[in-house]
Ligand SMILES: [Fe+2]
């Protein structure tokens, strides 16, 4: 049993529209072993990518106050998790591209993240996460250590996940701020790969036998690996978070080398600007990403009567857009 491309996209659209009242996983499993087998098979084909959850304590409970209240974020993430569980094609994995914490990487933020995403784990979705500039590795490892990969690079949350038709490489691009620095309370970490992780990535790219999707919180440009990923014959694309927006760019290494890959920024799960996630399905010759756009607001969510008409336009235009990542590339 296999879902057609049309059914895949219809499932994405239905889930994002909130029209599914049933639980797709429960439905598949309720049909006996045949349905369960079909569900297991389908799980090998579809995964989701999310970023910039920014969940945490309510504003009144925070030790360091953000400049405005983001108390709506946790419930938005909870709602989008339900959307993922309502997808017609259940995902095998949920990849998180950093900024799980609201702002300061506090342990309580990660406890809240685990609670909000626990329905995914209960449904059998494997969660693989890396850090963003608002995360702190110590608290994140203590609470969410089982989400952070297999220790490919000491002190980093780098990981490689083997899917049916490709590998997903998560890089850890967090440069932790100096805890004694004056601006530490503002939650501003930087970005860097570090020597050990850069060497690990170089080795992976040099020996890759399967198509690979490279992902990090920050862009390939910010990390200085845009040319390396383009030159690797197996890297089919680059996904990042950080900007809370669907942002498409093309990476190339030089005018002389006739090859390129797509780099795509994915939205926030709940904070601001584009609100949504990406559903990626594997085909034998490509990955196909469907944008799930659930809302748009900037700088913060507002009552319906205060919504700018443009926000609704953006949601409508961006939802359901498809982006392909072909495996074949000239090199
Ligand atoms: Fe963020």
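Residue numbers (the numbering used here): 1 to 331.
Ideal Cβ placement from N, Cα and C applies to all residues, glycine included.
It should be emphasised that the depicted structure is a prediction, and the values quoted were computed from it without experimental measurement.
{"Check": "Three-way DSSP call (helix, strand, coil) for residue 225 in this model", "Outcome": "coil"}
{"Check": "Length-filtered (3 minimum) beta strand (DSSP E) runs lying within the region 241–275", "Outcome": "247–252, 260–265"}
{"Check": "C-alpha distance - residue 229 paired with residue 157, whole-angstrom precision", "Outcome": "19 Å"}
{"Check": "Identity of the residue in 319, 177, 167 nearest residue 212 by Cα", "Outcome": "167"}
{"Check": "Where residue 237 falls: helix, strand or coil (DSSP)", "Outcome": "strand"}
{"Check": "Contact check, residue 96 vs residue 129, beta carbons under 7 Å", "Outcome": "yes"}
{"Check": "Delimiting residues of the alpha helix (DSSP H) encompassing residue 197", "Outcome": "195–207"}
{"Check": "Cβ shell of residue 93 (< 8 Å), same chain only, five flanking positions each side left out", "Outcome": "47, 48, 125, 126, 127, 128, 161, 163, 168"}
{"Check": "Closer than 5 Å: residues whose CB approaches a heavy atom of ligand 1", "Outcome": "52, 99"}
{"Check": "Between the CA atoms of residue 313 and residue 307 - distance to the nearest angstrom", "Outcome": "11 Å"}
{"Check": "Pick from 324, 262, 310, 258 that is closest to residue 279, judged by C-alpha positions", "Outcome": "324"}
{"Check": "Status (buried if at least 16 other CB within 10 Å, exposed otherwise) for residue 276", "Outcome": "buried"}
{"Check": "C-alpha distance - residue 255 paired with residue 235, whole-angstrom precision", "Outcome": "19 Å"}
{"Check": "Proximity below 7 Å, CB of residue 262 to CB of residue 291", "Outcome": "no"}
{"Check": "Segment contact flag, the region 55–75 with the region 237–255, C-beta cutoff 8 Å, min 3 pairs", "Outcome": "no"}
{"Check": "Between the CA atoms of residue 283 and residue 328 - distance to the nearest angstrom", "Outcome": "12 Å"}
{"Check": "Whole-number beta carbon distance between residue 173 and residue 208, since they are thought to touch under 8 Å", "Outcome": "Not really, about 20 Å apart at Cβ, beyond 8 Å."}
{"Check": "Straight-line gap, residue 193 to residue 133 (C-alpha atoms, nearest Å)", "Outcome": "12 Å"}
{"Check": "Residue 247 to residue 216 span [Cα, whole Å]", "Outcome": "14 Å"}
{"Check": "Identity of the residues DSSP links to residue 297 by a beta bridge", "Outcome": "273"}
{"Check": "Residue range of the alpha helix (DSSP H) that includes residue 119", "Outcome": "107–122"}
{"Check": "Same chain, Cβ closer than 7 Å to residue 154, five either side skipped, listed in chain order", "Outcome": "196"}
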